[in-house]
Each structure stands twice: as structure tokens, then as C-alpha cells.
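Asker:
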Amino acid sequence: MEGKGPADKFVYDFAEGNKDLKDLLGGKGANLAEMTNLGLPVPAGFTITTVACQRYLASGEHVDGLDEEITEHLEKLEEAMGRKLGDPADPLLVSVRSGAKFSMPGMMETVLNVGLNDESVAGLSAQAGGNDRFAWDSYRRLIQMFGKTVCDVPGDEFEQALHNAKTAKGVRDDTDLDADDLKKLVGVYKEVFAKHVGHDFPQDPREQMDLAVAAVFRSWNADRAVLYRRQERIPADLGTAVNVVAMVFGNLGADSGTGVAFTRDPGTGEQGIYGDYLQNAQGEDVVAGIRNTVPLQDLEQIDKKSYDELLGIMATLEGHYHDLCDIEFTIERGKLWMLQTRVGKRTAAAAFTIAAQLIDEGVIDLDEALRRVTGAQLAQLMFPRFDLDGEPEVLTRAVGASPGAAYGEVVFTSEKATELAAQGKNVILVRRETNPDDLPGMIAAQGILTARGGKTSHAAVVARGMGKTCVCGADQIEVSPSSFTVGGHTVNEGDVISIDGTTGRVYLGEVPVRPSEVVQYFEGDLDPALANEPLVAAVHRLMTHADERRRLAVRTNADTGPDAARARRFGAQGVGLCRTEHMFLGDRRELVERLILAEGGKERQEALDALKPLQRADFLALFREMNGLPVTVRLIDPPLHEFLPSLEDLAVHVAVAKERGESAKRSEKMLAAVRRMHEQNPMLGMRGVRLGLVVPGLFAMQVRAIAEAAVALAEEGGRPRPEIMVPLVGAVQELETVRTEAEKIIAEVVGDAPVEILIGTMIEVPRAALTAGQIAEAAEFFSFGTNDLTQMGWGFSRDDVEGAFFWRYLELGIFGISPFESIDREGVGRLVRIASDEGRAARPGLKLGVCGEHGGDPESVHFFHEVGLDYVSCSPFRVPVARLEAARAVVLAQPAG
Ligand code: PEP
Ligand code: MG
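All residue numbers for the sequence shown refer to the working numbering, where the first residue is 14 and numbers rise by one.
As C-alpha cells, this is what we get:
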């Protein structure tokens, strides 16, 4: 095989691989190879690569050259073991095990005892010292697993046959069946097999093996594996490796057994002996829970030699991997075998505490600790959690759009939500979908549940911005004005439900909630009793180091003083996006309506004059909270439909009023305006800079309010650092027009005051990205609006697509995750890169940031670091996550020491 590369070498002996080859050999194969090379007792075997799997799945057929390679490695395996596969007199048996790059526990298939047939069953019995019962039991397990996995025989038919055998004998346990019973059962199993498959159970050992390998390949695309990958964001095209391993048996008597072990406590990180052992059993018996395991410590009494050897191996593995390892092992007649190891999974809390502990033990340094925790884990620690001990009833499961745990009385309107919240009640706002009118209710509610829309729907984006729990896209629920139904349940207004914005689960009744001590720590109001708690101490230590290591600054998207204040406590270094349109809602709506309905310049100016002091006060509050730090205020960018009453509602209102002979003058005027302004594609319509260029005085009013607020703060002795941002620019001329007017106003308002105001633009229209060199001439900064850039880059409507067809795209692997959630590096990311490079070439030192939702997504933060942006901006709750990931982007780019 010398000279073959991963593309055409499909099989690796364990001695040929190592732990860094997970892409090719899967996690299990790579670690079996690593253990083999460490000289640990691993049964001989080989790994068929993920590339072979990918080829098989792409063509659905035999992979050229694979058979020959398997033959070659099988021969070596036979030589090492001194036995031939399925030899009637003295058979080598193998297990055929799946093992992908990322662990997908129980999602794919494994077939044990391959090589057994009507003849070799006798040879196995002889090997086992004349143990007929063991041999026939092994054979019936093979037919059962092979039938189910390879040939899709319904598993319950085998279960039923086993049950019948026990009933006929009048016994309860499998272990009460003797060799003869099992031999008969093998006969029945073979009939079941032939009935379903149309031919007899294959007797040729090699044929068994080849069919099992192909079945493991196919199990990559089993429904549950697909679902798991989607949840865990594992790309659909990786494929699984297949490990063919000489069988060792833990079920050969009291001197045999099987177990699992951890090198330290996966819950707390403490070093010690953690694990379980099951005497006289195979791994599958442990999973099936047939008998109770004993604590691993008991192995010391049962088999001291193996126990001591295991402890030695555990120490070797920890020393080698510098981390918590989990291990599967089998003891066959007093001989210990290692079947698997990997760096062990752990809870989010344990990830932080273990990392801190390993620093204390001198095993890793602070940089390595940052590599070992993730922003997703930190996010998990920041949300309150449900206490599920009471096993509450699950009503439905939908999209976990904004994490957290909330319960409350169900309400169906924003008004009811505010009314009940004012009485001190917890409410959950349930809507088919939300729109900006629902904002007061969303603020008042503990959580939001919608029947439509995905992770970038209005409900999801706004809820995330507020750090409010939200579950959306619950399409099994039918929402009516005062109740909703789901799976036979009717939930009425006032009934209590609980929603989990992390898992997307909706529960009936009130599920108790635990607050997050990590948030209390960030907020600075931690109960002193918790200050020395290991988790909080570990988070503090790692975050402090993260802030020292990161190059990217982290700002926040915040529209109000309180939001900005909270974000600052969470470590935000400024505001990257204040969406001013949010300031035009609620009781200011009427003023906006006046503006829209204004006939002539005078009426319009009056409406603007009424809005200006309110805006000024908003900005001053924001500047005060961010005193000394930059605050990017975006000029108004509403798709107009979000501000106008619905055409249908107005038409009905006017018709009803007319029928009753009542006056509906204002509504009629509004109806005419709404008709006039109606757009087929509001997201591509009168938004952003277009609105500013068409409605005279609108941007001017906002610029004036910003400048006045800045001067007011400077007069208070503060240090305002406003940045005015123009949305939806696609051509430099748009920006220049706004800039010229804005500069005039700023000069007029600021005069000699010590206030500097930058003017820049969002880059969120593809044309802006492609003409960034020109645009940079008129912009002191760029902020990438990756929500719109994704929408317009892909041509996907951000409000509609997730529920509509993204599932199919994910299924097909067109993308592994919604491009609205994590930046599409090759496409939209390329636009960001082009704009950054060309913008900076035209204006060296051009300040670059991102304020789309991607600014708080871990993977995207890494990308923005690589591109060389100056900052990311995200919702207040994601600020700590972005701080951590910005540092991880630095340390992950450097090899571990
Ligand atoms: C964006 O488009 O990425 C952005 C931040 O603006 P908005 O989401 O308000 O359109
Ligand atoms: Mg936008």
C-alpha cells in the first residue's frame, strides 16, 4: 500500500493510524490506532475509511479496489490472531463497528460475532472449552443483529421468538435457556430471516463481513442519524468509518466481563475511579440493562490483576491525552482488552471546571483551557434551566429559537400580556407569528411561543435580542383567538404552560426553574455564598484570560439604555447597532402615522418636530450608559409594512364604520395611504436609505437628535462617541447624499463642543460589498449587516424560508446549518471578505464590524476574526459568548503547546 494517499487507500491497520486521523478513520478508529501504538492491549483490527463510505453512499455500489484491500488486511489480521475468519475448527470472529468523526452515540449500526455459521459454531464451542451454550448464544445474536441491521428484518420478530422459547420452557431469563434451547432458537431465527429476506442466512463468513460493512456505511443515512446530525450540526457528508475488530468475549464465565470507565468524574472533574462493571456479559448487555452493573471499584475484589492493569492504563491515557478520557473494556478469561477510548463527553459546567482543574494540576495552560470550552457551553450555563425531576408532560417540540426556561399563563394578545403582567403575573404570549405590534406583549411576557417561523422570524430575532425565551415554528399547534390545540389537548387562555427555548420543548403546567449563577456573576449580583463555587471561579478565570487573548472587540446590539447597561456589565465595548425604528413603536406609533399621512411639508415637519425630543432623550440615555465607548446609531430602517396597520384590518374597519353610518375619516385616509404604499416585496422595498432619500426631513431629524444628545452628554462632562450609520446602501451616491446633509447638521449643532461624530454605512446589499472601494470613500466605517446580506446573497426571504424548505436543504446537505444562523463562508462570507479588503485598500484604517445575527454565533466569530474585522456586535446575552469565541479564534489558530 506504500505511496497510497487517503483518496485511494481505503483500509488502515490499527498500527497505521493515529489519533489525529479522525477525519479519515473516525473517532473510534483513530483512538484504537493511538492505543495500539501506545502498546495498550487492543484486539487486532483495521479501519475502513470515511472516504470509502462517502464513495459507497455516492454511487450506492461497490467501491472499486475496496475488496482487495480488505482481503489484504484481513489476511494480516488472521495472521496476527493465528485463526482464519469463520474457520469451522477454530474460527476468528470479528465485530463490524461504525465510528464517525464526531461521536453519534447509538445512532449507527454495529454487528458482532461475524464469521459464525452452522459449522464454525462448533469450533467456537471448542475454543470456549466445550461451552456449547455460549457458542449457540453467540450465533443467535449474530443472526438477530445481522437480520435487523443488514437485511431490515423487523427486530420484534426475533424478540417474539426469544420470548416464545422462554415461555415454552417456563423460564423468565435468557440465561435460563440452555444450549439445546438456543440451538432450536437459531433454527427459528433462520426461518424468520429467510421469510423476510427471501434467502437463507448467509453461511460464507466473508460475505457476512462484506454485507455488514455495507450496512454500516448505509446506517450513516438512517433517519435517527440524520436527525441527530441536524441537531448537533454535524455535516451530512462526512460519512462513517467502519472498524473490523477481532472479537473478544466478556461472556465466557465469571472470569470475564465488560465495563466502562472515566479517568475523572465527568460531572465535577475530580480525579478518581469512576465507572461500572458487569461480570460475564457483553457490552450490549450493559446497554440493554439486563442486569445491574457494579461500581468499578468492585473489580478490585473480582479480578485484582485486571483492575490494577486498568488503573495503569487509565493513568497512561490521561497522561497522553491530557484530558478526561472515557474507556470501554472487556475482560476475557482474566485478560484485559481495551475496546474504545476517547476524550470524554462532559456537561457544560464540567467542561469549565475540568479545564480549571487541569490548569491547577499543571497539565494544561490557560490557552489550552480556552480550546477546551466553547461558547455554546457558556451559553448553556447562562440560561435558567428547568428542573425536570417531576417528569412534566410534553405538549410538543418545535424550534428552540431563544434559549431559556419560562412558564406562565397562556395569553393570545399583546394587550392581554401587558395587562396580566401589570398585575404581576407570569405570562407566555402565544401567537401564530409575531409582528412589531406585539413588542409590548413580548416585553411583558416571560416567553413567546409561535406556530410559524424559524430561527430568524421576527419572534426569534426580537426575543434573542431581549434575552427572552422563545420557541417558534410549533406547527402542530392550532392557534385560535382564545385557545390553542395540540395533539388532542386544548390549552385555554389562563392555563399554564412552560417553554424551553433551548430544546424547543413545550410542557403543560408549571415546571420549576433554576436561575443561572453564571449570569448572576456577569451581572455582578452573585450571591456571596456562590462566589467561590468552582464553576463560577472557573468561568471568571477563563473569561479573564479570554479578554487578554482576543483581538476582536465585542459590542452589542441594543436599542435602550437598560439593554446597553446590561450589555456593558456583560463586557460589551460599545453599541454596534441601535435599531432606531424600534424607538418608533408603542405610544409613538401615532406620531409615525402622522408622519406617513402628512399632507405637505408643514404637517410632516410638525410630526418630525414632535418626534425629535423623544429621539434625543433615547439617544442621550444610550450615550450615558455607554459613556466613553462607541455607539453606532443606525438611521431608521423599517420595511414600511411593519409600521402600517394591515390593509385587511383597515378595509374591514372602514367598511363596518360606513355600514353603521359612522365617520371613518382618519381610517379612510390611512387606508388610502396603506394602499398607496403597499409593496409586493417590502423587504426589498422602501427601506433604509431609500426611505431617507424620499421622506424629506426624516434622516435630518434623527441626525439632529443624535448630535444634540451627544452635545448634551459632553456638557454633562461625559464622553460621547456616536457613529451614524446609514442602512441598505447599495451605491456610494446614496451615502454621499445622506452624508452631505448630515455633515451640515452636525456642524451646526456641535459647533465648538468636544464631540466627534463618525458617519459610516452598513454593508448589507451585495452591490455595496462589490463596490466597497467606492463606498469606503464616503464611509468612516463599515458594519456588515449579514442578515440582509444573507437574504439578498442567497435570495432567501429571511422571514419565510426556515420553516418552508430549509429542512430539505439540511437533509440534502446543501448546508449543514441555516446560513442565517452561521455565516456561509464561501458565499456571503466571500462578500464580506471582498468588501473588507477593497474597503481597506481604498481607506486604510477603515473601521470594520458586523452587526447581523452572526456576530454572536461562535463559528461566525471565528470567521470574522480571520477576515480581520475590528469588532463583532451581538445581543447583550451573547456578548460573553462572543468574548470567549473571539479568544478561541486566536488560540485555536495556534498549535497546542
Ligand atoms: C442585518 O441586516 O444584518 C442587520 C443587522 O439589519 P436588520 O437585521 O435590522 O435588517
Ligand atoms: Mg439589515
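A virtual CB, placed ideally from N, CA and C, is assigned to each residue, including glycine. Because the structure is a prediction, the values reported are computed rather than measured.
Can you find the residues in the same chain that come closer than 6 angstroms, C-beta to C-beta, to E898, ignoring five residues on each side of it along the sequence?
Answerer: Here residue 898 refers to the residue found at position 885 when the sequence shown is read from its first residue. Within the same chain, E898 has close Cβ partners G388, P871, V874.
Asker: Return the Cβ separation of A766 and V724 in integer angstroms, given the expectation that the two are a contact with Cβ distance under 8 angstroms.
Answerer: Against the sequence shown, residue 766 aligns to sequence position 753. Against the sequence shown, residue 724 aligns to sequence position 711. Going by Cβ atoms, the distance from A766 to V724 rounds to 5 angstroms, so yes, they are a contact pair.
Asker: Mapping DSSP to helix, strand and coil, what is W807?
Answerer: Taking the sequence shown and counting its residues from 1, one reaches residue 807 at position 794. DSSP places W807 in helix when its eight states are reduced to three.
Asker: Report yes if the CB atom of F535 is closer than 8 angstroms to the CB atom of R568, and no otherwise.
Answerer: What you label residue 535 is simply residue 522 of the sequence shown in a count that begins at 1. What you label residue 568 is simply residue 555 of the sequence shown in a count that begins at 1. No. Outside cutoff.
Asker: Counting only the same chain and skipping the five closest in sequence on each side, list residues whose C-beta sits under 6 angstroms from that of A93.
Answerer: For the purposes of this step, residue 93 is identified with residue 80 of the sequence shown, where counting begins at 1. Excluding sequence neighbours, A93 sits near A57.
Asker: Name all residues in chain order for which at least one heavy atom of the ligand MG lies closer than 5 angstroms to the residue's CB.
Answerer: Taking each Cβ in turn, the ones that pass are E777, G798, D801.
Asker: Which value, in whole angstroms, describes the spacing of the CA atoms of V751 and L706?
Answerer: Locating residue 751 in the sequence shown gives position 738, where the first residue counts as 1. Locating residue 706 in the sequence shown gives position 693, where the first residue counts as 1. Whole-angstrom Cα-Cα distance: 8 angstroms.
Asker: With a threshold of 7 angstroms on Cβ separation, who are the neighbours of S111 within its own chain once the five nearest residues in sequence on each side are excluded?
Answerer: The count along the sequence shown starts at 1 and reaches residue 111 at position 98. The residues are M121, E122, T123, V229, S232, T253, V255.
Asker: Considering just the uninterrupted stretch of the alpha helix (DSSP H) at C164, what are its terminal residues?
Answerer: The residue given as residue 164 occupies position 151 in the sequence shown. From DSSP, the alpha helix (DSSP H) with C164 extends over 145 to 164.
Asker: Is R359 near the ligand PEP - that is, is its Cβ less than 7 angstroms away from at least one heavy atom of it?
Answerer: Your numbering for residue 359 matches position 346 in the sequence shown. Not under cutoff, so the answer is no.
Asker: Nearest to N50 by alpha carbon, out of A135, Q459, M351, K317?
Answerer: Reading the sequence shown from its first residue, position 37 is the one you call residue 50. Taking only the C-alpha atoms, the option nearest N50 is M351.
Asker: Closer than 7 angstroms by C-beta to N130: which residues in its own chain qualify, once you throw out the five before and the five after it? Chain order, please.
Answerer: Looking up residue 130 in the sequence shown gives position 117. Contacts found: G99, Q216, P218.
Asker: How about S495 and Y420: do their beta carbons lie closer than 8 angstroms?
Answerer: Counted from its first residue, the sequence shown places residue 495 at position 482. Counted from its first residue, the sequence shown places residue 420 at position 407. Not a contact, by the Cβ cut-off of 8 angstroms.
Asker: Can you give the Cα-Cα distance for G698 and E655, rounded to whole angstroms?
Answerer: In the sequence shown, residue 698 corresponds to position 685, counting from 1. In the sequence shown, residue 655 corresponds to position 642, counting from 1. The straight-line gap from Cα to Cα measures roughly 12 angstroms.
Asker: Does DSSP put M690 in a helix, a strand or coil?
Answerer: To locate residue 690, count along the sequence shown from 1; it is residue 677. In this structure, M690 counts as helix in the three-state DSSP scheme.
Asker: Round the Cβ separation of L624 and L604 to the nearest angstrom and send it over; I've been treating them as touching at under 8 angstroms.
Answerer: By one-based count along the sequence shown, residue 624 stands at place 611. By one-based count along the sequence shown, residue 604 stands at place 591. Indeed, because the Cβ distance is near 5 angstroms, the residues count as touching under 8 angstroms.
Asker: Give the secondary structure of D560 by DSSP, where H, G and I count as helix, E and B as strand, and everything else as coil.
Answerer: Numbered from its first residue, the sequence shown carries residue 560 at position 547. In this structure, D560 counts as helix in the three-state DSSP scheme.
Asker: Please state the DSSP three-state secondary structure of D91.
Answerer: Mapped onto the sequence shown, residue 91 falls at position 78. The question names Asp, but residue 91 is Glu in the sequence shown. Looking at E91 - three-state DSSP - the assignment turns out to be helix.
Asker: Consider the C-beta atom of R780 and the heavy atoms of the ligand PEP; say whether any pair is separated by less than 7 angstroms.
Answerer: Here residue 780 refers to the residue found at position 767 when the sequence shown is read from its first residue. No, the ligand PEP has no heavy atom inside 7 angstroms of this Cβ.
Asker: Based on Cα-Cα distance, which residue from V64, G842, S810, G40 lies nearest to H471?
Answerer: The residue given as residue 471 occupies position 458 in the sequence shown. Comparing Cα positions, the closest option is S810.
Asker: For R444 versus D450, is the C-beta distance shorter than 8 angstroms?
Answerer: Your numbering for residue 444 matches position 431 in the sequence shown. Your numbering for residue 450 matches position 437 in the sequence shown. Not closer than 8 angstroms, so no.
Asker: If we call anything under 8 angstroms between Cβ atoms a contact, is A551 one with A369?
Answerer: Mapped onto the sequence shown, residue 551 falls at position 538. Mapped onto the sequence shown, residue 369 falls at position 356. Contact: yes.
Asker: How big is the Cα-Cα spacing for A668 and L684?
Answerer: Position 655 of the sequence shown, counting from 1, holds the residue named residue 668. Position 671 of the sequence shown, counting from 1, holds the residue named residue 684. Those two C-alpha atoms are separated by around 11 angstroms.
Asker: Do D650 and R700 count as a contact pair if the criterion is CB distance below 8 angstroms?
Answerer: The sequence position of residue 700 within the sequence shown is 687, counting from 1. The sequence position of residue 650 within the sequence shown is 637, counting from 1. Against a cut-off of 8 angstroms, the Cβ pair of D650 and R700 comes out as a contact.
Asker: Closer than 6 angstroms by C-beta to D600: which residues in its own chain qualify, once you throw out the five before and the five after it? Chain order, please.
Answerer: For the purposes of this step, residue 600 is taken as the residue at position 587 of the sequence shown. Nothing meets the Cβ criterion.
Asker: State the Cα-Cα distance for the pair A113 and R355, rounded to the nearest angstrom.
Answerer: For the purposes of this step, residue 113 is taken as residue 100 along the sequence shown, with counting starting at 1. For the purposes of this step, residue 355 is taken as residue 342 along the sequence shown, with counting starting at 1. Their Cα atoms are separated by approximately 12 angstroms.
Asker: Consult DSSP for H335 and reduce its assignment to one of helix, strand or coil.
Answerer: To locate residue 335, count along the sequence shown from 1; it is residue 322. Of the three classes helix, strand and coil, the one that applies to H335 here is coil, per DSSP.
Asker: Which residue marks the beginning of the beta strand (DSSP E) containing K41, and which one marks its end?
Answerer: Here the question's residue 41 lines up with position 28 in the sequence shown. Per DSSP, K41 belongs to no beta strand (DSSP E); it is in the alpha helix (DSSP H), 35 to 50.
Asker: Pick from A227, V134, K32: whose alpha carbon is nearest that of N65?
Answerer: Locating residue 65 in the sequence shown gives position 52, where the first residue counts as 1. What sits at residue 65 in the sequence shown is Ala, not Asn. Looking at the Cα atoms, A227 is the closest of the given residues.
Asker: Please check the pair M570 and C864, which I expect to be a contact at CB under 8 angstroms, by giving their CB distance rounded to whole angstroms.
Answerer: As a working mapping, residue 570 is identified with position 557 in the sequence shown. As a working mapping, residue 864 is identified with position 851 in the sequence shown. According to the sequence as given, residue 570 is Asn; it is not Met. That pair is a contact at about 6 angstroms.
Asker: Among all the DSSP beta bridges, which residues are the ones paired with S511?
Answerer: Reading the sequence shown from its first residue, position 498 is the one you call residue 511. Partner(s): Y420, Y520.
Asker: How about G868 and A895: are their beta carbons less than 8 angstroms apart?
Answerer: Along the sequence shown, read from residue 1 onward, the residue named residue 868 stands at position 855. Along the sequence shown, read from residue 1 onward, the residue named residue 895 stands at position 882. Taking 8 angstroms as the Cβ cut-off, G868 and A895 qualify as a contacting pair.
Asker: Using 10 angstroms around the beta-carbon of N505, count the other beta-carbons present and answer buried if the total reaches 16, otherwise exposed.
Answerer: Here residue 505 corresponds to residue number 492 of the sequence shown, with the count starting at 1. By the 10 Å Cβ count, N505 comes out exposed.
Asker: Less than 8 angstroms separating the beta-carbons of G263 and I340?
Answerer: Locating residue 263 in the sequence shown gives position 250, counting from the first residue. Locating residue 340 in the sequence shown gives position 327, counting from the first residue. Cβ distance not < 8 angstroms, so G263 and I340 don't count as in contact.
Asker: Just mark D400 as buried or exposed, buried being the case when its beta carbon has 16 or more other beta carbons within 10 Å.
Answerer: Locating residue 400 in the sequence shown gives position 387, counting from the first residue. Looking at its Cβ environment, which holds fewer than 16 other Cβ atoms inside 10 Å, D400 is exposed.
Asker: So for A677, helix, strand or coil by DSSP?
Answerer: Translated into positions along the sequence shown, residue 677 becomes position 664. Reduced to three states, the DSSP call for A677 is coil.
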